[in-house]
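Undergrad: What follows is a single structure, and I will ask about it in a moment.
Residue numbers (the numbering used here): 13 to 246.
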């Protein structure tokens, strides 16, 4: 009986020791994996995380591709919906790709089925500490409205062309022919005016030249008069 009790006590102690050892290993492994994940997260994940705030994402979902200058470089990691905005967290998975501050992001079509992606273009100038700028989302209805507007414009142009018949075209050309003599006479009048203007300029130049010659003659007469006066005084 005593041996049996001793055996049970020993067995209980062994079970407690095994349990404590298991707990210790669980704690050690938890700390190890926790430290490893923390190091990996801050070293490789966090530097590649970006948060973009949109007013409208229009069908964007978790896992939607991210394109930087047309190159697929990551995906949507998380979407947080707020009252007036949507925070989209993206992760860049392509090595060596960094999104510069001031880049412009928009939600665009990325497939025939209407799937969406975030398209990011780099800034035109160096901007710091402003994050990623967003522009309005392009909806399918917006595209259809643009096509409808273009269709109306072409229809109006067709109606205008149809309204111009052959008689109207002949009248236009006839009016141009009637205006030709008037235009020719006007051109002739302008040429005559230019010719008269040139003649007037030549006459003015001749008068100026004559004045210069007269001035030189008067200077000579004045000089000779002074010489005669000084000779008479002697």
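Note that beta-carbon positions come from the ideal geometry of N, C-alpha and C, so glycine has one too.
Predicted, not measured: the structure shown is a model, and the values here were computed from it.
According to DSSP, residue 86 sits in a beta bridge with which residue or residues?
TA: Here the question's residue 86 lines up with position 74 in the chain shown. DSSP lists 78 and 104 as partners of residue 86.
Undergrad: Out of curiosity, what's the CA-to-CA distance linking residue 98 and residue 168?
TA: The sequence position of residue 98 within the chain shown is 86, counting from 1. The sequence position of residue 168 within the chain shown is 156, counting from 1. For residue 98 and residue 168, the distance between alpha carbons rounds to 41 Å.
Undergrad: Determine the extent of the beta strand (DSSP E) in which residue 65 is found, giving its start and end residues.
TA: Locating residue 65 in the chain shown gives position 53, where the first residue counts as 1. Here the beta strand (DSSP E) through residue 65 covers 61–66.
Undergrad: Which value, in whole angstroms, describes the spacing of the CA atoms of residue 56 and residue 162?
TA: Counted from its first residue, the chain shown places residue 56 at position 44. Counted from its first residue, the chain shown places residue 162 at position 150. C-alpha separation (whole angstroms): 48 Å.
Undergrad: Does DSSP put residue 202 in a helix, a strand or coil?
TA: Taking the chain shown and counting its residues from 1, the one referred to as residue 202 is at position 190. Here residue 202 sits in helix by DSSP.
Undergrad: Span of the beta strand (DSSP E) holding residue 121?
TA: Residue numbering aside, residue 121 sits at position 109 when the chain shown is read from its first letter. Counting along the chain, the beta strand (DSSP E) containing residue 121 begins and ends at 116–121.
Undergrad: Residue 27 to residue 42, Cα distance in whole Å?
TA: Position 15 of the chain shown holds residue 27. Position 30 of the chain shown holds residue 42. If you take the alpha carbons of residue 27 and residue 42, they lie about 22 Å apart.
Undergrad: Taking residue 128 as part of the beta strand (DSSP E), name the residues at either end of that continuous run.
TA: Numbered from its first residue, the chain shown carries residue 128 at position 116. Where residue 128 is concerned, the enclosing beta strand (DSSP E) stretches over 128–133.
Undergrad: Do residue 122 and residue 113 have their C-beta atoms closer together than 8 Å?
TA: Taking the first residue of the chain shown as position 1, residue 122 is located at position 110. Taking the first residue of the chain shown as position 1, residue 113 is located at position 101. Taking 8 Å as the Cβ cut-off, residue 122 and residue 113 do not qualify as a contacting pair.
Undergrad: Does the Cβ of residue 90 lie closer than 7 Å to at least one heavy atom of the ligand SAM?
TA: No copy of the ligand SAM occurs in the structure displayed, which carries no ligand at all.
Undergrad: Return the Cβ separation of residue 103 and residue 111 in integer angstroms, given the expectation that the two are a contact with Cβ distance under 8 Å.
TA: On the chain shown, residue 103 is found 91 positions in, with the first residue counted as 1. On the chain shown, residue 111 is found 99 positions in, with the first residue counted as 1. Their Cβ separation, rounded to whole angstroms, is 11 Å, which puts residue 103 and residue 111 out of contact at 8 Å.
Undergrad: Bridge partners of residue 93, per DSSP?
TA: The sequence position of residue 93 within the chain shown is 81, counting from 1. Bridge partners of residue 93: 98.
Undergrad: Leaving out five residues before and five after residue 84 in sequence, what residues of the same chain have Cβ atoms less than 6 Å from its Cβ?
TA: Taking the first residue of the chain shown as position 1, residue 84 is located at position 72. Same-chain partners within the cutoff: 77.
Undergrad: Who are the Cβ neighbours of residue 86 in its own chain at under 6 Å, not counting the five residues just before and after it?
TA: If you number the chain shown from 1, residue 86 lands on position 74. Counting only Cβ-Cβ distances below 6 Å, and skipping sequence neighbours, we find 78, 102, 103, 104 and 105.
Undergrad: Is residue 111 helix, strand or coil by DSSP?
TA: For the purposes of this step, residue 111 is taken as the residue at position 99 of the chain shown. Reduced to three states, the DSSP call for residue 111 is coil.
Undergrad: Just verifying my parser: in three-state terms, what is the DSSP assignment at residue 145?
TA: Numbered from 1 along the chain shown, position 133 holds the residue referred to as residue 145. Here residue 145 sits in strand by DSSP.
Undergrad: Below 7 Å CB to CB, which residues in the same chain sit around residue 256 once its five sequence neighbours on both sides are set aside?
TA: Nothing in the structure corresponds to residue 256, since the chain is present only between 13 and 246.
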